[in-house]
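Those sequence lines, one after another, are chains D and X. So the first sequence is numbered by our numbering: it starts at 140 and just counts up by one. So the second sequence is numbered by our numbering: it starts at 53 and just counts up by one. Data block below; observations after.
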Amino acid sequence: MKRLFLVITPLILVLSALTARAELTIEITQGRDNPTSIAVVPFNWLEPGAAPEDVAWVVDSDLARSGQFAPVSRSDMLGRPSTQQEIFYRDWRAIDSEYLLIGRVSAQGTQMRIEYELYDVVRQRQAHRGVETGPINEARMLAHRVSDAVYEKLTGIRGAFATRLLYVSVTRVPGGKDYFRLTLADSDGARPIVLLESREPVLAPGWSPDGSQISYVSFESGRPAIYRQNLSTGAREQLTAFRGLNGAPAWSPDGKNMAMVLSKDGSPDIYLMNLASKKLTRITRHYAIDTEPTWMPDGRSLLFTSDRGGRPQIYRYDLRTGTTERLTFEGSYNARARVAQDGRNVVMVHQQNGQFHIALLDLVTNRLQVLTSTELDESPSIAPNGSMVLYATKHAGRGILAAVSVDGGVKFRLPSREGDVREPAWSPFMNR
Amino acid sequence: MSKLLVASGLVLVTGPLSFQLRAQDYVDVEAERSGRTTPAAPATAAPASADPYATPSGTDPYSVQPTQSYPATSYGMDSAPAGSAIGAPASAAPVAAPAGGQNMGTLYIQMQQLQQEVMRLNGIVEEQANELRKLKSQSLERYVDLDRRLSSMGGGSSTGGASAAPVPAPSPAGGSGGTELPGEGDAYRSAYALVRGQQFDQAVESFNQFLRRYPDGRYAANAHYWLGELYLVIDPPDLEASRQSFSLLLDRYPDNAKAPDAMYKLGKVQFLKGNRERSKEYLDRVIREYGNTNNSAVKLSRDFLAENF
């Protein structure tokens, strides 16, 4: 994770003031009915001067965004304890806070240390304590790790706050060529970094399974080509430049292969490229359009979209048996599947009443549930812990990112202050 | 048809706006397609595209294919079919040269039409295979359910408890009142034997007789329950009679061990009668009133709600 920020050397990058303005902000549009109340007290900064980052506020926002917590407003807090001795439980019971998070932040040189303690107000005892250390300029990421720990302690599900997003933003230039920017940001949209800026389309960003590399399609050479790029070294490699389509790269779970769509042999079909030898294996062979491959987490089969049945539907190709089976039967249009790490929940673009929504298919029960109520939804991407789905949609005439929990209960938007944002790709869990 | 060519040209535009446009085009194309149902129709469509090489997009094999102009909608974002348009000269058209002339052109169109037709049929086969799979598993479920119920009656050792089958044996069914009257047990068991023998019509008659003789007997609630079940399996089923039997049981013996099962069954009967709202009321009631017990009717109700509502 630390490596990420050391060297980012975008190749065609013009870092401009636009970067800051492209930052995403978050508006929660729907939360749970009975979220857990938690008070995140401002952490005590033990060094002289002002703290470089309001760590507690980052945690507070993370927990609120999950929809499963209702953080107590700071103005309602009757005290600001930062150690166990300073806690008066009655103060927190009085404002119906079920949990209490306190902490202390110190610094030495370029390193920062966050100590935090979580208390159960009802039982009046400590529920968890932990320490996060790292570079000061990574303060927000350290704070997200605190959020992850608290979230996991209280929900039993691994937190996905200390993860990152890739997305493409497009700035329209009236009468001229648009700007396409491939942007990397924290999971809350903060600290955006433009990795690639081009006047030609940039599409289909994706992650390597360990989160160290990304892949995307860029038209910068005038034709589509698939690239991969190392996030810490900035080293970039062009993987394909075949005639026709070069699209939809998808890293295999073991990181050794990449599924992609090529039309060099006629109609678009799915191919596998061995990333070491660059050897290609053709997976599908059909005059219909086969596209948008994505891997099952076990790496044994691929899901893809095909109109071989007359309309686009999701199919599964088993790499061992070479058999193909259709997975979606509800609705006349299902496309661009993404699979959760549990290998059970599949999200996709689903057409209903002429509108495009994000739907979730449970592969065990075969039930399909429409998750979103917005229109023209596309490009779903699922969080590494399977809890939320990020997708692109339209709001007030602009392309924005929005998120919905896999049960449809929590919804929020991440509108950009400028340009259209689309094609989000949620990173895997990052190794420290 | 010319609209299609325009549509494929639009594929070039990669903006979200074009996504909307393309989505719209797809709908139009579909409308056109469904309009062309007569065999003669494809011929009328042909002239417009008779010479696929006449237009700039002719090199793109998909531009003359109505069905395949849509993938731009979703495929667009990810796999950039735009690429095929942008790299039009490069995009590998199987028949790239117009050398073959009119004959080749005609053959090409015919092949495209055949491919489309096969894709459409393929879709129908896939969907029907899926329907069959579903029906098969449903009928298996029904069979297993019935079988379990019958066998639980047979052994008298209905400890399974997974089905809504009532315990037929004389267990003093949870405060249903009534003590056993002389001859009542035998009468009940003989009616019951008919159920086991799958003589459902006779069983209905027999249970009705039983209730006339022992209206307040110890097994009266059981008899009502069985009548409710039997009215559903006789041919043709009598939904109203079934409903009345279950309702009677619920009204008269609200504390009987069969009450939750009867409530669940009422939900099912109402569903079969097409009264979805009433059905949901009963099923919700089961969960509300017995949700904190481990009564099998609760799980059955939940499953039924999840499956049908």
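Ideal Cβ placement from N, Cα and C applies to all residues, glycine included.
Taking all protein chains shown into account, decide if residue 222 (chain D) is buried (16 or more other Cβ within 10 angstroms of its Cβ) or exposed.
-> Residue mapping note: residue 222 (chain D) aligns to position 83 of the first sequence, counting from 1. So residue 222 (chain D) counts as exposed.
Cβ of residue 426 (chain D) within 7 Å of any chain X Cβ | Along the first sequence, read from residue 1 onward, the residue named residue 426 (chain D) stands at position 287. Yes, because at least one Cβ of chain X sits closer than 7 Å to the Cβ of residue 426 (chain D).
CA-to-CA distance, residue 284 (chain D) to residue 431 (chain D), given in whole angstroms | Taking the first sequence and counting its residues from 1, the one referred to as residue 431 (chain D) is at position 292. Taking the first sequence and counting its residues from 1, the one referred to as residue 284 (chain D) is at position 145. Cα to Cα, the separation comes out at about 32 Å.
Within the segment 357 to 417 of chain D, note down every full beta strand (DSSP E) run reaching 3 residues or more, in order along the chain.
-> 364 to 369, 375 to 377, 385 to 390, 396 to 401 and 408 to 413
Between the CA atoms of residue 336 (chain D) and residue 358 (chain D) - distance to the nearest angstrom = For this step, residue 358 (chain D) is matched to residue 219 along the first sequence. For this step, residue 336 (chain D) is matched to residue 197 along the first sequence. Spanning the two alpha carbons is a distance of roughly 11 Å.
CA nearest to the CA of residue 347 (chain X), picked from X:190, X:309, X:285 and X:252 = Here residue 347 (chain X) is taken as the residue at index 295 of the second sequence, counted from 1. Comparing Cα-Cα distances from residue 347 (chain X) to each of X:190, X:309, X:285 and X:252, the minimum goes to X:309.
Listed by chain order, chain D residues near residue 175 (chain X) by CB distance under 7 Å | Along the second sequence, one-based indexing puts residue 175 (chain X) at 123. Within 7 Å Cβ-Cβ: 448, 449 and 450.
What separation, rounded to the nearest whole angstrom, lies between the Cα atoms of residue 442 (chain D) and residue 455 (chain D)?
-> Counting from 1 along the first sequence, the entry for residue 442 (chain D) is found at position 303. Counting from 1 along the first sequence, the entry for residue 455 (chain D) is found at position 316. Roughly 4 Å separates the two Cα atoms.
Does any residue of chain X bring its CB to less than 7 Å from the CB of residue 465 (chain D)?
-> Taking the first sequence and counting its residues from 1, one reaches residue 465 (chain D) at position 326. True, the Cβ-Cβ gap to chain X drops below 7 Å.
Pull up the distance between the alpha-carbon of residue 306 (chain D) and that of residue 174 (chain D), whole angstroms please.
-> Here residue 306 (chain D) refers to the residue found at position 167 of the first sequence. Here residue 174 (chain D) refers to the residue found at position 35 of the first sequence. For residue 306 (chain D) and residue 174 (chain D), the distance between alpha carbons rounds to 30 Å.
Which residues, in order along the segment 179 to 191 of chain X, keep a beta-carbon less than 8 Å from a beta-carbon of chain D?
-> 179 and 182
Closer than 9 Å at the beta carbon, the chain D residues around residue 167 (chain X) | Residue 167 (chain X) sits at position 115 when you count from the first residue of the second sequence. Result: 426 and 427.
Could you check the C-alpha separation between residue 310 (chain D) and residue 548 (chain D) for me, to the nearest Å?
-> What you label residue 310 (chain D) is simply residue 171 of the first sequence in a count that begins at 1. What you label residue 548 (chain D) is simply residue 409 of the first sequence in a count that begins at 1. About 32 Å.
Nearest residue (CA-CA) to residue 265 (chain X), options X:200, X:314 and X:234 | Locating residue 265 (chain X) in the second sequence gives position 213, where the first residue counts as 1. Of the listed residues, the one whose Cα sits closest to residue 265 (chain X) is X:234.
Alpha carbon to alpha carbon, what distance is there between residue 171 (chain X) and residue 181 (chain X)?
-> Taking the second sequence and counting its residues from 1, the one referred to as residue 181 (chain X) is at position 129. Taking the second sequence and counting its residues from 1, the one referred to as residue 171 (chain X) is at position 119. Approximately 15 Å between the Cα atoms of the pair.
Can you tell which of X:258, X:259, X:292 and X:197 has its C-alpha closest to the C-alpha of residue 352 (chain X)?
-> One-based indexing of the second sequence puts residue 352 (chain X) at position 300. When each option's Cα is compared against that of residue 352 (chain X), the closest is X:197.
With residue 593 (chain D) and residue 293 (chain D) assumed to form a contact (beta carbons below 8 Å), what rounded beta-carbon distance in angstroms separates them?
-> An answer regarding residue 593 (chain D) cannot be provided, because it is not within the stretch 140 to 571 covered by chain D.
With DSSP run on the structure shown, which of helix, strand or coil describes residue 285 (chain D)?
-> In the first sequence, residue 285 (chain D) corresponds to position 146, counting from 1. The answer is helix: DSSP assigns residue 285 (chain D) an H, G or I state.
With DSSP as the reference, label residue 182 (chain D) as helix, strand or coil.
-> Counting from 1 along the first sequence, the entry for residue 182 (chain D) is found at position 43. DSSP places residue 182 (chain D) in coil when its eight states are reduced to three.
What residues of chain X sit near residue 468 (chain D), judged by a beta carbon separation below 7 Å?
-> In the first sequence, the residue the question calls residue 468 (chain D) occupies position 329. Correct list: 179 and 182.
Opposite residue 269 (chain D) in the DSSP bridges: which residues?
-> Indexing the first sequence from 1 puts residue 269 (chain D) at position 130. Its beta-bridge partners are D:255.
Can you give the Cα-Cα distance for residue 324 (chain X) and residue 251 (chain X), rounded to whole angstroms?
-> To locate residue 324 (chain X), count along the second sequence from 1; it is residue 272. To locate residue 251 (chain X), count along the second sequence from 1; it is residue 199. Whole-angstrom Cα-Cα distance: 23 Å.
Could you name the residues that DSSP lists as bridge partners for residue 299 (chain X)?
-> Within the second sequence, numbered from 1, the residue matching residue 299 (chain X) stands at position 247. Paired residues: none, contrary to the question.
Collapsed DSSP secondary structure at residue 491 (chain D) in the structure displayed = Against the first sequence, residue 491 (chain D) aligns to sequence position 352. Note: residue 491 (chain D) maps to strand in three-state DSSP.
Euclidean distance between Cα positions of residue 344 (chain D) and residue 194 (chain D) = As a first step, residue 344 (chain D) is located in the first sequence; it is residue number 205 there, counting from the start. As a first step, residue 194 (chain D) is located in the first sequence; it is residue number 55 there, counting from the start. Cα to Cα, residue 344 (chain D) sits roughly 30 Å from residue 194 (chain D).
Which of helix, strand or coil does DSSP assign to residue 180 (chain X)?
-> Looking up residue 180 (chain X) in the second sequence gives position 128. The answer is helix: DSSP assigns residue 180 (chain X) an H, G or I state.
Over what stretch of residues does the beta strand (DSSP E) that includes residue 345 (chain D) continue unbroken?
-> In the first sequence, residue 345 (chain D) corresponds to position 206, counting from 1. Residue 345 (chain D) -> beta strand (DSSP E) spans 341 to 346.
Distance, residue 341 (chain X) Cα to residue 359 (chain X) Cα = As a first step, residue 359 (chain X) must be located in the second sequence, where it is residue number 307. As a first step, residue 341 (chain X) must be located in the second sequence, where it is residue number 289. Roughly 21 Å separates the two Cα atoms.
Could you tell me the boundaries of the alpha helix (DSSP H) in which residue 313 (chain X) lies?
-> Translated into positions along the second sequence, residue 313 (chain X) becomes position 261. Per DSSP, residue 313 (chain X) belongs to the alpha helix (DSSP H) from 311 to 324.
Tell me whether residue 350 (chain X) is buried or exposed, calling it buried when 16 or more other Cβ atoms sit within 10 Å of its Cβ.
-> The residue you call residue 350 (chain X) lines up with position 298 of the second sequence. Buried, since its Cβ has 16 or more Cβ neighbours within 10 Å.
Coarse secondary structure for residue 496 (chain D), derived from DSSP in three states | The count along the first sequence starts at 1 and reaches residue 496 (chain D) at position 357. The answer is strand: DSSP assigns residue 496 (chain D) an E or B state.
Under the assumption that residue 283 (chain X) contacts residue 297 (chain X) (Cβ atoms under 8 Å), give the Cβ distance between them as a whole number of angstroms.
-> For the purposes of this step, residue 283 (chain X) is taken as the residue at position 231 of the second sequence. For the purposes of this step, residue 297 (chain X) is taken as the residue at position 245 of the second sequence. Going by Cβ atoms, the distance from residue 283 (chain X) to residue 297 (chain X) rounds to 6 Å, so yes, they are a contact pair.
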